[in-house]
Every structure is written in structure tokens, then in C-alpha cells.
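Novice: Order-wise, the sequence lines are chains Z and B.
For the first sequence, the UniProt record's numbering begins at 1 and goes up steadily by one.
For the second sequence, the UniProt record's numbering begins at 1 and goes up steadily by one.
Ideal Cβ positions, reconstructed from N, Cα and C, are used throughout, including at glycine.
The following block contains the structure, expressed as C-alpha cells.
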Amino acid sequence: MTDDPMVDAPFGLLAELTYRCPLACAYCSNPLNLDDYTEELGPADWIRVLTQARDLGVLQCHLSGGEPLLRRDLPEIVAAAHGLGLYTNLVTSAVGFGRRKAEQLRAAGLDHVQVSIQADAPALSDRIAGLRSFDRKIDAMRLVKELGWPLTVNVVLHRQNIDRIAEVLELAQEAGADRVELANTQYYGWAWRNRDALLPSREQLAQAELVVREARERLPMDVLYVIPDYYSRYPKPCMGGWASRQLTVTPNGDVLPCPAAQSLPLPRASVREASLAQIWADSPVMNAFRGTSWMPDPCHSCERREIDFGGCRCQAFQLTGDAARTDPVCHLSPDHALVTDAVRAANPGAPAGNLVPRPHRA
Amino acid sequence: MIPGSDRPRLARHVRLVWSPARQQHVLQLPETVVVLNPTGAAVLGLCDGRTTVGAIVDELATRYRDVPGDEVRLFLKSLVARRCVEMADD
């Protein structure tokens with residue numbers, strides 16, 4: 001089936017090496033049921049997965065989590081990915097990114113480092129992270145540049161930090177970042193639980209967009225801004241289409257079109273039981289929402305069906321209980337009121353509710 | 001338009017590779033992959049920081065009869081705008 005012309009090969013693999021994490025961010029998109037992911041794949045499993053991914057046509061490997069640096073075998077996994085010709089991207093909180101570990105990863109062939117910060121200053125960043133970590137993150141960014149890597153600084157935006165974008169950009173520039181990702185929170189996992197306390201106001205967003213526009217003209221860095229889809233007219237083109245360009249392998253070996261899809265009532269597919277190629281081509285989880293034939297109206301007859309692919313299946317499921325419905329973010333969705341109600345509750349500037357931190361580990 | 005004397009090279013965070021699984025050249029970047037056609041791959045293969053834009057245009061014209069110089073320059077310009085290609089300083 002892998003030569004089926006209807007199924008394109010994936011470009012990117014998101015390797016979620018562990019859901020353990022030293023941080024406790026309330027915007028985390030990791031699953032609520034962290035207990036189900038404690039039996040992690042070993043290094044030999046990952047090397048097999050990476051090899052199968054490369055053979056399938058994958059060219060990029062994002063090493064993520066949780067905190068991937070908690071895996072002692074990370075340099076071994078990076079070296080394997082590098083040896084297979086994959087572009088390797090470490091997505092890290094930078095906690096545990098000391099000089100020795102950094103040099104090991106450099107020697108292993110790691111291509112790119114993405115460091116997350118939670119805000120532009122220690123007090124707020126540490127409060128959101130649930131750990132004193134800001135100063136270590138700044139040190140880690142310097143180390144990334146010193147060792148010659150390209151650096152991306154990532155900040156997940158929400159009501160508590162979206163007013164700090166200008167300062168975040170300044171910090172990133174001082175750190176020598178090549179790219180900055182200002183990503184509004186996506187409401188999955190712990191972020192979904194905390195949605196009402198995280199959703200920014202319309203006024204906050206308008207201000208943020210002004211700052212971003214001005215910064216793009218002025219700064220030498222790439223500034224990527226991910227808009228919050230609750231405020232958009234059309235849904236996001238989630239993953240460029242279900243099981244179309246990317247795949248995710250979770251810490252215990254489940255294969256998914258995206259990390260949030262673990263929440264959907266679909267049969268599991270695991271690298272412990274089948275090859276990545278078989279799963280990509282034939283598994284029910286990959287084929288559930290591939291293409292456009294599964295779509296209901298208004299998507300099915302919509303001229304944008306190959307632009308936004310009906311939006312996000314996980315968001316449709318969370319909001320309506322049916323993963324096959326149009327993403328309620330779309331203004332054409334019959335369920336759109338579910339989104340506008342949440343937006344109304346966040347405006348003009350509702351007081352932030354209590355955030356539930358994600359646990360460090362299961 | 002890019003001056004013919006400029007010497008383009010791939011940006012440090014970009015890698016040009018041949019994908020055996022896809023039988024295509026691709027550019028690998030931190031967050032994306034750019035699939036290249038044979039002429040695009042030929043242009044980028046010459047972006048070594050020593051060869052000038054003018055020499056790249058000449059070489060492409062030798063290898064492929066139907067690749068006009070303007071097309072090569074526009075291609076390079078778009079990759080400079082995307083920060084995939086930069087000009088060597090000297």
C-alpha cells in the first residue's frame with residue numbers, strides 16, 4: 001500500500017520521547033492521562049522507528065515531549081537520526097541543557113535547537129513554568145549560539161503573557177535567535193482544561209498583532225506568529241490535512257497523525273506491533289479523516305475544503321463530541337456558538353481564573 | 001534584482017539533500033522541507049559561497065537550454081527572502 005498514489009509520504013516525524021517534564025505549564029498540550037504513557041520506548045525501538053520513518057520518506061525529526069533531555073539516551077537517538085540523514089530539531093525547555101550535554105548533542109549531529117520561554121522576565125516566566133528556570137534558559141540560549149546552532153525561541157501565548165511580546169522579541173534578539181515562534185495556545189490536553197483562564201481578550205490580540213507587524217519590519221529574525229483560532233473566521237488547516245504530511249509517535253509507541261489525536265475514540269496503532277509504513281498506509285487511525293470524502297457539509301461542498309481540510313478533528317471532538325463535524329471555529333459551522341460563547345466569556349477582560357498546572361510526571 | 005557578482009550560499013540552518021525514498025532533492029529547514037525540481041536543485045548545488053550569480057546563470061544555461069537567467073535570479077531572490085540563501089560577504 002505504500003506505493004498507493006493516493007497516500008503521500010510524510011515529511012516530518014514528531015518523536016515525543018517522554019511526557020515527563022520538569023515544568024508544569026498550565027498551557028501544556030500533553031494528554032491528561034499521563035499515566036498511560038509511562039512505558040516508554042527504548043533506544044533500540046526509537047532507532048527502528050527512525051529508520052522506518054526515513055524509509056517512508058520522512059526528512060525531519062522533531063525530538064520533543066515532555067522534556068526530551070530527561071532521556072539519557074537522547075544523544076544516541078540524535079546520532080541515529082542524523083546518521084539516517086534526518087534534519088534533527090530538539091524542542092526543549094532547556095532545563096538539563098548543560099555544557100556537557102550540549103556538546104554531546106553537537107557531536108551527535110543535532111541540527112537545530114528550539115528553546116521555550118514562558119515570558120520575558122524571571123518572575124512571570126518561572127511562575128508560569130512552575131519552576132525556577134528562566135536564568136537557565138537564558139544560559140542555554142547563549143550556549144546554543146556559542147556551539148554554532150541555529151536557535152529558535154518559542155513562547156506559547158495566553159492571557160498572562162501575551163502583553164509581553166515586545167519584550168520577548170527584544171530578549172530573543174539579544175540572545176541571537178534566528179527565529180521566534182509566538183504561538184497562541186492551542187487548546188488540547190492541559191490547555192483545554194485551562195482554556196477559560198488562558199484565552200486572551202480581543203483587545204490583547206489586537207495589540208499583539210500590532211507589535212508583531214512592527215517587529216517583522218524592524219528585526220533581522222524570522223518572526224512566526226500563530227494566531228489563536230478561536231478568533232479566526234476560518235479554522236486552521238490542521239497538520240496540512242489529516243495524516244498527510246506529518247506523523248507523531250508518542251512515548252509508548254502509539255502512532256498518530258498529531259499529538260492531540262490521542263484524545264479521539266479511534267483504534268490504537270503502535271510501533272510495537274506494526275511497521276510505520278503499514279500504520280501510515282493502512283491503519284484506521286490514519287485513514288479515519290484522510291482526504292475529503294469523510295467531510296460533512298458545510299465542509300464537503302465548501303471551496304476551502306482543500307485549504308483548511310475541515311479544521312481540527314480534535315477540536316471538533318472536544319467541542320461537539322463528534323470528531324467528524326466541522327471544526328466549530330469556522331463561522332460556517334452549525335456549532336460555531338460553542339466558540340463564540342467562550343470568546344464572549346473572555347471579553348472584554350474577564351478576570352483570569354485558576355490555572356491547573358500539569359503534573360511533572362505521571 | 002540580485003547583482004550578478006553576488007556569491008550565494010546556503011544559510012547555515014539549511015541543508016540540501018537527496019532523498020532516496022522520494023527520488024528528489026529537498027531543502028531541509030528547522031520547521032519545513034522544500035521539495036526541489038531538478039533545475040532548482042542544480043542552482044542550489046552551485047550556491048557554495050564562491051560561485052557568482054552570473055556564473056550560476058551561465059552554468060544553468062549550459063546544462064538546461066530552457067532556463068532563462070531571470071528565472072534563476074528570481075528563484076534565488078525568493079530563497080533569500082525566505083532566508084534559505086544568503087550572500088557571502090567578501
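So B:T62 is in the alpha helix (DSSP H); what residue range does that whole segment cover?
Specialist: Residue mapping note: residue 62 of chain B aligns to position 62 of the second sequence, counting from 1. 53 to 63 is the extent of the alpha helix (DSSP H) around B:T62.
Novice: Which residue comes first and which comes last in the beta strand (DSSP E) that contains Z:A183?
Specialist: The count along the first sequence starts at 1 and reaches residue 183 of chain Z at position 183. Here the beta strand (DSSP E) through Z:A183 covers 179 to 184.
Novice: For the alpha helix (DSSP H) holding Z:V91, just list the boundary residues, first then last.
Specialist: Your numbering for residue 91 of chain Z matches position 91 in the first sequence. From DSSP, Z:V91 is part of no alpha helix (DSSP H) but of the beta strand (DSSP E) over 87 to 92.
Novice: Between the Cα of B:G45 and the Cα atoms of B:W18, B:S5, B:A81, which residue gives the shortest distance?
Specialist: Working through the second sequence from its first residue, we reach residue 45 of chain B at position 45. If we check each option's Cα against that of B:G45, B:W18 comes out closest.
Novice: Compare the beta carbon distance of Z:V144 and Z:V115 with 8 angstroms and say whether it is the shorter of the two.
Specialist: For this step, residue 144 of chain Z is matched to residue 144 along the first sequence. For this step, residue 115 of chain Z is matched to residue 115 along the first sequence. Yes, Cβ-Cβ distance for Z:V144 and Z:V115 is below 8 angstroms.
Novice: For B:V67, tell me which candidate among B:L79, B:A21, B:V43, B:C84 has the shortest Cα-Cα distance.
Specialist: Residue mapping note: residue 67 of chain B aligns to position 67 of the second sequence, counting from 1. Considering only alpha carbons, the answer is B:V43.
Novice: Look at the alpha carbon of Z:F134 and the alpha carbon of Z:P122, and state the distance between them as a whole number of angstroms.
Specialist: As a position in the first sequence, residue 134 of chain Z is number 134, starting the count at 1. As a position in the first sequence, residue 122 of chain Z is number 122, starting the count at 1. Approximately 5 angstroms between the Cα atoms of the pair.
Novice: If we cut at 8 angstroms on Cβ distances, does Z:R179 have a partner in chain B?
Specialist: As a first step, residue 179 of chain Z is located in the first sequence; it is residue number 179 there, counting from the start. For Z:R179, the answer is yes, since a Cβ of chain B falls inside 8 angstroms of its Cβ.
Novice: Can you list, in chain order, the stretches of the alpha helix (DSSP H) that have 4 or more residues and sit fully within the region 268 to 329 of chain Z?
Specialist: Here the runs fully enclosed are 276 to 282, 284 to 287, 305 to 308, 313 to 320.
Novice: What residues of chain Z sit near B:A81, judged by a beta carbon separation below 9 angstroms?
Specialist: Taking the first residue of the second sequence as position 1, residue 81 of chain B is located at position 81. Chain Z residues near B:A81: none, gap ~11 angstroms exceeds 9 angstroms.
Novice: Along the region 58 to 81 of chain Z, what residues have a CB closer than 7 angstroms to any CB found in chain B?
Specialist: Residues passing the 7 angstroms Cβ filter: L59, Q60.
Novice: Alpha carbon to alpha carbon, how far is Z:P150 from residue 364 of chain Z? Give it in angstroms, no decimals.
Specialist: Not covered by the structure: residue 364 of chain Z. The range shown for chain Z is 1 to 362.
Novice: Inspect the beta-carbon positions of Z:A24 and Z:L110 and report whether they are closer than 8 angstroms.
Specialist: By 1-based counting over the first sequence, the position of residue 24 of chain Z is 24. By 1-based counting over the first sequence, the position of residue 110 of chain Z is 110. No, the Cβ-Cβ distance between Z:A24 and Z:L110 is not below 8 angstroms.
Novice: Under 8 angstroms between beta-carbons, which chain B residues line up against Z:N194? List them in chain order, please.
Specialist: In the first sequence, the residue the question calls residue 194 of chain Z occupies position 194. Those do not exist, as Z:N194 stays about 26 angstroms from chain B at its closest Cβ, beyond 8 angstroms.
Novice: CB Z:H112 to CB B:P30, shorter than 8 angstroms?
Specialist: Stepping through the first sequence from its first residue, residue 112 of chain Z is reached at position 112. Stepping through the second sequence from its first residue, residue 30 of chain B is reached at position 30. Yes. Within cutoff.
Novice: Near Z:C299, what residues of its chain come up, given a Cβ to Cβ distance below 7 angstroms and the 5 sequence neighbours on each side ignored?
Specialist: One-based indexing of the first sequence puts residue 299 of chain Z at position 299. R305, G310, T326, listed in sequence order.
Novice: For Z:A15, which option in Z:S232, Z:R54, Z:T320, Z:R164 has the closest C-alpha, if you only look at C-alpha atoms?
Specialist: Locating residue 15 of chain Z in the first sequence gives position 15, where the first residue counts as 1. The candidate whose alpha carbon is nearest that of Z:A15 is Z:R54.
Novice: Between Z:L124 and Z:L157, how many whole angstroms is the CB-CB distance? I'm expecting something under 8 angstroms.
Specialist: Translated into positions along the first sequence, residue 124 of chain Z becomes position 124. Translated into positions along the first sequence, residue 157 of chain Z becomes position 157. The pair is not a contact, with the Cβ atoms about 13 angstroms apart (cut-off 8 angstroms).
Novice: Listed in chain order, which residues of the region 12 to 25 of chain B have Cβ atoms closer than 8 angstroms to some Cβ of chain Z?
Specialist: Listed in sequence order: R12, H13, R15, V17, S19, A21, R22.
Novice: Does B:Y64 pass the burial test, meaning 16 or more other C-beta atoms within 10 Å, or should it be called exposed?
Specialist: By one-based count along the second sequence, residue 64 of chain B stands at place 64. The residue in question, B:Y64, is exposed, as its Cβ has fewer than 16 Cβ neighbours within 10 Å.
Novice: What residue range is occupied by the uninterrupted beta strand (DSSP E) comprising B:Q28?
Specialist: Walking along the second sequence from the start, residue 28 of chain B turns up at place 28. Where B:Q28 is concerned, the enclosing beta strand (DSSP E) stretches over 24 to 28.
Novice: In its own chain, which residues sit with a C-beta less than 7 angstroms from the C-beta of Z:Y234, not counting the 5 before and 5 after it?
Specialist: Counted from its first residue, the first sequence places residue 234 of chain Z at position 234. Cβ neighbours of Z:Y234 beyond the five flanking positions: R304, D308, C330.
Novice: Leaving out the 5 sequence neighbours to the left and right, which residues in its chain are closer than 7 angstroms to Z:G85 when beta-carbon positions are compared?
Specialist: Against the first sequence, residue 85 of chain Z aligns to sequence position 85. Once the five neighbours on either side are set aside, the close Cβ partners of Z:G85 are R54.
Novice: Quick one: which chain B residues come within Cβ less than 7 angstroms of Z:D327?
Specialist: For the purposes of this step, residue 327 of chain Z is taken as the residue at position 327 of the first sequence. None at all; the shortest Cβ gap to chain B is about 23 angstroms.
Novice: Taking any Cβ of chain B, which residues in the region 151 to 168 of chain Z have a Cβ under 8 angstroms from it, in chain order?
Specialist: If the cut-off is 8 angstroms between Cβ atoms, the region 151 to 168 of chain Z has T152 near chain B.
Novice: By how many angstroms is the C-alpha of Z:P10 removed from the C-alpha of Z:S275?
Specialist: By one-based count along the first sequence, residue 275 of chain Z stands at place 275. By one-based count along the first sequence, residue 10 of chain Z stands at place 10. C-alpha separation (whole angstroms): 14 angstroms.
Novice: What separation, rounded to the nearest whole angstrom, lies between the Cα atoms of Z:L34 and B:V53?
Specialist: Taking the first sequence and counting its residues from 1, the one referred to as residue 34 of chain Z is at position 34. Taking the second sequence and counting its residues from 1, the one referred to as residue 53 of chain B is at position 53. Straight-line Cα distance between these residues: approximately 54 angstroms.
Novice: Assuming Z:V49 contacts Z:V249 under a Cβ cut-off of 8 angstroms, what Cβ separation, rounded to an integer in Å, is found between them?
Specialist: Indexing the first sequence from 1 puts residue 49 of chain Z at position 49. Indexing the first sequence from 1 puts residue 249 of chain Z at position 249. Yes, they are in contact, since the Cβ atoms of Z:V49 and Z:V249 sit about 6 angstroms apart, within 8 angstroms.
Novice: State the Cα-Cα distance for the pair residue 389 of chain Z and Z:Q315, rounded to the nearest angstrom.
Specialist: For chain Z, the structure presents residues 1 to 362; residue 389 of chain Z sits outside this window and is missing.
Novice: Pairs of beta-carbons, one from the region 90 to 98 of chain Z and one from the region 59 to 67 of chain Z, closer than 8 angstroms: are there three or more?
Specialist: Touching, yes, given that three or more Cβ pairs across the two stretches are closer than 8 angstroms.
Novice: Starting from the Cα of Z:A243, find the closest Cα among Z:S29, Z:D45, Z:V58 and give me that residue.
Specialist: Sequence index remark: in the first sequence, residue 243 of chain Z carries index 243 (1-based). Among Z:S29, Z:D45, Z:V58, the Cα nearest to that of Z:A243 is on Z:V58.
Novice: Among residues of its own chain, excluding the 5 on either side of Z:N354, which ones have a beta-carbon nearer than 8 angstroms to its beta-carbon?
Specialist: Locating residue 354 of chain Z in the first sequence gives position 354, where the first residue counts as 1. Excluding sequence neighbours, Z:N354 sits near A197.
Novice: Check the Cβ of B:P30 against every Cβ in chain Z and list those closer than 7 angstroms, keeping chain order.
Specialist: The sequence position of residue 30 of chain B within the second sequence is 30, counting from 1. Ordered by position in chain Z, the residues that pass the 7 angstroms Cβ test against B:P30 are N89, H112, P150, T152, R179.
Novice: Assuming Z:V211 contacts Z:A175 (C-beta within less than 8 angstroms), just tell me the rounded distance between them.
Specialist: The sequence position of residue 211 of chain Z within the first sequence is 211, counting from 1. The sequence position of residue 175 of chain Z within the first sequence is 175, counting from 1. No, Z:V211 and Z:A175 are not in contact; Cβ-Cβ is about 18 angstroms, not under 8 angstroms.
Novice: Closer than 6 angstroms by C-beta to residue 380 of chain Z: which residues in its own chain qualify, once you throw out the five before and the five after it? Chain order, please.
Specialist: Examination of residue 380 of chain Z is not possible in this model, given that chain Z is present from 1 through 362 alone.
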